[in-house]
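Going down the list, the protein sequences come from chains L and H. Oh and the first sequence: position 451 is 451 in our numbering, straight run, nothing missing. Oh and the second sequence: position 531 is 1133 in our numbering, straight run, nothing missing. Take a look at the structure below.
Number of protein chains: 2
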Amino acid sequence: MVTYAAPLDDIRYLLNEVFDYGKTVAGLPGYEEATPEILDAVLEEGARFCENELLPINLSGDAEGCHYENGVVRTPKGFKEAYQAFCENGWTSLACDPAYGGQGLPKTLQFVLEELICSTNLSFGMYPGLSHGAYNALELHGSDAQKSLYLPKLTDGSWSGTMCLTEPHCGTDLGLIKTKAEPDEDGSYRISGTKIFISAGEHDLTENIVHLVLAKLPDAPPGSRGISLFIVPKFLPDADGSVGPRNGVRCGSIEKKMGIKASSTCVMNFDDAQGWLIGEPHKGMRYMFTMMNVARLAVGIQGLGLAETAYQSAVAYAKDRRQGRALKGAAEPEAAADPIIVHPDVRKNLMRMRAIIEGGRALALWVGTAVDRAEKHPDPEARQAADDLVALMTPIVKAYLTDAGFELSNTGQQVFGGHGYIHEWGMEQLVRDARITQIYEGTNGIQALDLVGRKLGQGMGRLLRQFFHPVQAFIEANQTDPEMAEFVLPLAKSFAKLQQATAWIAQQGLADPEEAGAASSDYLKLFALTALAYLWTRMVVVSKPQINGGMKGAANGDTAFHEAKLATARFYMARVLPESSALFTAIMAGKKPLMALDAEAF
Amino acid sequence: MVTYAAPLDDIRYLLNEVFDYGKTVAGLPGYEEATPEILDAVLEEGARFCENELLPINLSGDAEGCHYENGVVRTPKGFKEAYQAFCENGWTSLACDPAYGGQGLPKTLQFVLEELICSTNLSFGMYPGLSHGAYNALELHGSDAQKSLYLPKLTDGSWSGTMCLTEPHCGTDLGLIKTKAEPDEDGSYRISGTKIFISAGEHDLTENIVHLVLAKLPDAPPGSRGISLFIVPKFLPDADGSVGPRNGVRCGSIEKKMGIKASSTCVMNFDDAQGWLIGEPHKGMRYMFTMMNVARLAVGIQGLGLAETAYQSAVAYAKDRRQGRALKGAAEPEAAADPIIVHPDVRKNLMRMRAIIEGGRALALWVGTAVDRAEKHPDPEARQAADDLVALMTPIVKAYLTDAGFELSNTGQQVFGGHGYIHEWGMEQLVRDARITQIYEGTNGIQALDLVGRKLGQGMGRLLRQFFHPVQAFIEANQTDPEMAEFVLPLAKSFAKLQQATAWIAQQGLADPEEAGAASSDYLKLFALTALAYLWTRMVVVSKPQINGGMKGAANGDTAFHEAKLATARFYMARVLPESSALFTAIMAGKKPLMALDAEAF
């Protein structure tokens, strides 16, 4: 069984001390009541729920999986009860609009909660996660009637939602979808087609399931400009929201897959199912994308959550497991062997996990708080600036944090040696669960293309400025302090490489988009490493003054916390950030080495 | 289902053209009959067997797994028949001594065969693989009576073998084992204790199982100097080899694990089991280690084999799957979309797989042929030199190729997008199976410690010279050719970094072994990347003259093969090797960033 306690100290530190939550989030109009005290209460309640209700059914849920029979899907033992409690405790309604029964709390809190959920039970988190995605799409693009019918049910969790995009022959390229929508006389549509990989497409947790379905109208222009978005409920509701007759949508089978086994991944067959158009015809892709940004941030946070559990478990094991002796001589000569945490290579693994997780959490919450500003800031320019930062950083959060989630789950597993490969220890489940996060909501390769192909050029580089300007200003403000040099110099070096690579891609990519494509995934990593260097240095600025003149174990209980921050920042600069130079060299080698071979030569 | 055809062209190219097999292996005394023609025949027969018999039961074996009931283990459907055919076709006896019924072929052929087996069915390969390990240990250290009783049965495959090392509280640190061996009056011993993670510990493939068991005699000195090695057969054999009564060893359970599910991983309970001492008392660890080197090379080759299947499958999928358009405009405008192999990021993934696999195969076969020279070369100095190279490179082959096997299986899976996560496509199985290779036969962290802690210092750096001298000479011989500069310069640069890091570790490690430990795993990777750069440049030297003046599709059918070698070498230098500079920087940062935090701070 894995070891996990919600990292509330680190979350509080980041929100309150680094990102000034009380001002930057709770200071926004509408969030006046979401004070740091409320934040604290939500954090503690959320931690308790996740640790006590979700974690205990995670390993058993993986072993049991979902079961399919005759169109019905049964979730593993305990999921129904946990979902019931989840709804009753108000976790589905946290960031929903009070107009529909929601608590109207900031998105920042939703992101924090999602980390905790994913640390303890990613499979479980899929069900409310998908509902929340459907909620967002409907809230933004649905009609008033649609909103008042569906949003209260999604808010209280009695109905769940899905996103039905992928078909057997297309996932990334949704322009190819074949699902059809024929207009009916009553203003609704008849949807027919097959969707695959539909998370939460069928299950036994809720009384109804609201499918949001991409389909083509008869007069649709070809490709992605001809796709419309429809609501297709499993049971047709009355106007008052009571559940009526079964609609023509059924689950044909569920997938046998590598991980997230307690999350049902369904083939959904739509056979003349009744559906209702969301927004205008042919704008489905646009609607999906507005929702997808939030979903992609949430997936990045999934990677972070899994890595945190892997880290805590690896630390506990490394302190407990005794093998061999410290290289400098027995650390605990009275015992038969030393705990493996004495070994530098084990230590390196733990420090790497810690440096990337804490830096990654800073990245996620930096962008997370910007989501709230983008929505609620009274100044339109500030809203736009925040929105630009979110748009720029979303592919980076998604791809980098999920790559990190997978890498670090594996690192944690490795610390366990052979026991890491055995189901009962829980580590191999983290690895299998983490693997999907690199693939869904747009593979990480697609995220990198989004970054170089869309985000870099958008508004003549307007988005980029939301990262480049503050980092530049931060470096200038701190570069004269000799005590900061060990942090600011490597940051500045990596930042210079990022600027140079950005200019190179912008220039080369104009003449030949394949050059941008060839650089894309290495560039995204270089960007992420630089962003983490920036955020680590910001943490140093916050933590350094709070250390009691280097006195270890001083009366101030926080000193150890802040000393650990500095030590971890130093590790990041010395042993993680150097990867940025290799990435830079690879980027600047251009597309030629990749594209030299004809496809037939493979 | 995965796509696989044994890469015989590449294997032939490496053995015949790069490593001059006809002279360096078939020219050894005793291997006169193992001509390149025999090699060819073995390769083709082996490929046929693996493709037709082992691959078809790989995915089903994973789904079904092994089943345990009342001490009996049932392997999945088809395994018994495949094992029968495997023995009848002589694959168990390939590299065994003719004195015991073996074919006496070179170890090189055994390594090549093992790649093919692991590409098609790693779980299956575990059974004969473990037997071969037991064969090697007995052949080197058993008495004549033991050899004539057990080796013919291991050679013809009617009996299988195991290595019983790990116990619940110890794996890496075998000095802690508790299993006891009490001398009996008849010269045998009574073995009692519990061993875990015993691959092939119990199964239904053979009529008997020969356990090689580490245990402590009553007078054993403490720690790893007090461990002895015993033969403990499942059924006690008569002197003529017919199977007699059941011995006191039973399988208590099998593990539920992440992968290699068709390989039984057993808890073995020894309860006054009759055993016979191998060699002298208290020398069991030494005996295990002589065998372990070969086993570690074989595990490295497992990683290679899995990566090859992932590569071929990803190539097939990337040519078949159509999503989106080439960034420069439609490549196949008449189709609805282009095959994804047009995308630079997909291409980068495929090229990376190819560059590391082909370079890794060169590494494995370079060391593999040295195993034969170390055993059979008539000149004792040449034997020693070859043995030194094998000893030096073994941890590198094991750790680097298994890390690569896992990384590249994941890369292949990623090319499949969502389909890669679904069982029926076979890609996620490759990932799960590959994961164990980084852990067993000594975790990759332990391999790195073996490299810096044992191999670097051995004989005052004598082992190192077997790598440093030929590479130095090769660079000098080729550095004046301007056409070779694009390969020799990056090689020389990485080699210089490796030399510098080696000197640094040797110096720092003397004063503080934790410095060597802190550098170990990054150093091993730097070493491996440099070794691959060396081998890629050697391949360029072989292939370059065979290209017809750059005429593509020229009459010479091999031109495309050699052109691809050069293109892949260029990719390696431009987009893989740059990682060595980041590793160098990380190594030179020393242990301080790792060890700054107290254990309690984690």
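For each residue, glycine too, the CB sits at the ideal point set by N, CA and C.
Using a C-beta to C-beta distance shorter than 7 Å, which residues of chain L count as neighbours of residue i?
i        : result
H945(H)  : G517
G1020(H) : T166, G171, F197, I439, Y440
V1197(H) : Contrary to the premise, residue 1197(H) reads as Met rather than Val in this sequence. Near M1197(H) (Cβ distances below 7 Å), the residues of chain L are P344, R347.
I need the boundaries of the beta strand (DSSP E) containing residue i, first residue and last residue.
i        : result
R676(H)  : 674-676
G828(H)  : Segment: none, G828(H) is in no beta strand (DSSP E) and carries neither H nor E.
Q1040(H) : Neither: Q1040(H) is in no beta strand (DSSP E) and is coded neither H nor E.
N269(L)  : 265-278
Below 7 Å on C-beta distance, what does residue i contact in chain H?
i       : result
P578(L) : A1184, T1187, A1188
H423(L) : K858, K859
A589(L) : A1176, R1177
Listing by chain order, which chain L residues have their CB less than 8 Å from the CB of residue i?
i        : result
K818(H)  : Ordered by position in chain L, no residue passes the 8 Å Cβ test against K818(H), which lies about 13 Å from the chain.
R1037(H) : N410, Q413, Y421, E428, V431
V917(H)  : F602
F1173(H) : P593, L594, A596
Which residue's Cα is closest to the Cα of residue i: the options?
i        : options                              : result
M225(L)  : D173(L), A434(L), G517(L)            : For the sequence presented, residue 225(L) should be read as Arg rather than Met. Nearest C-alpha to R225(L): D173(L).
K376(L)  : L451(L), T24(L), H169(L)             : T24(L)
G703(H)  : G744(H), F651(H), T757(H), L715(H)   : T757(H)
E804(H)  : K836(H), Q904(H), A608(H)            : K836(H)
A1133(H) : H734(H), G1192(H), A964(H), A1118(H) : A964(H)
A485(L)  : D512(L), M573(L), P545(L)            : M573(L)
C868(H)  : K950(H), G632(H), L767(H)            : L767(H)
Apart from the five residues on each side of it in sequence, which residues of its chain come closer than 8 Å, Cβ to Cβ, to residue i?
i       : result
D40(L)  : R12
L526(L) : S494, K497, L498, A501, S580, L583, F584, I587
A5(L)   : A47, E51, Q312
M728(H) : S801, A802, I862, S865
Name, please, each residue of chain H whose Cβ falls closer than 8 Å to the Cβ of residue i.
i       : result
F289(L) : Here the premise fails: no neighbours, minimum Cβ distance about 16 Å.
K328(L) : D1114, P1115, E1116
Please confirm whether any heavy atom of the ligand FAD lies closer than 8 Å to the CB of residue i.
i       : result
L408(L) : The ligand content of the structure shown is nil, which means the ligand FAD is not present either.
Please list, in chain order, all residues of the same chain as residue i whose beta carbon is under 6 Å from its beta carbon, the five residues on each side excluded.
i       : result
A912(H) : L1010, S1011, G1014, L1032
V944(H) : A928, A933
L140(L) : T290
M285(L) : S224, I227
Would you say residue i and residue j are within 9 Å of each other, going by their C-beta atoms?
i        : j        : result
G1020(H) : S915(H)  : no
M552(H)  : A739(H)  : Only positions 603 to 1204 of chain H appear in the structure, and residue 552(H) is not among them; the question remains open.
V1073(H) : Q1081(H) : no
I357(L)  : A307(L)  : yes
D873(H)  : G850(H)  : yes
F602(L)  : V917(H)  : yes
A636(H)  : L711(H)  : yes
F86(L)   : E53(L)   : yes
W366(L)  : L535(L)  : yes
R1140(H) : V620(H)  : yes
Y189(L)  : G161(L)  : no
T597(L)  : A516(L)  : Residue 597(L) is actually Leu in this sequence, not Thr. No, they are not a contact pair.
Going along the chain, which residues of its own chain have a beta-carbon closer than 7 Å to the beta-carbon of residue i, five neighbours each way excluded?
i        : result
A1156(H) : At A1156(H), the pLDDT of 46 sits below 50, so the modelled position is not reliable; the number obtained from the coordinates is stated separately. Excluding positions up to five away in sequence, the list reads N1150.
Y919(H)  : V1017, F1018
Determine the extent of the alpha helix (DSSP H) in which residue i is found, giving its start and end residues.
i        : result
H734(H)  : 709-743
R985(H)  : 982-1017
N293(L)  : 284-320
I11(L)   : 8-12
W1138(H) : 1115-1145
I260(L)  : Taken as a continuous stretch (DSSP letters only), I260(L) belongs to no alpha helix (DSSP H), as it is neither H nor E.
N1080(H) : 1064-1080
M353(L)  : 344-376
Using a cut-off of 8 Å between C-beta atoms, extract the partners of residue i located in chain A.
i       : result
Q925(H) : Here the protein chains are L and H, and chain A is not one of them.
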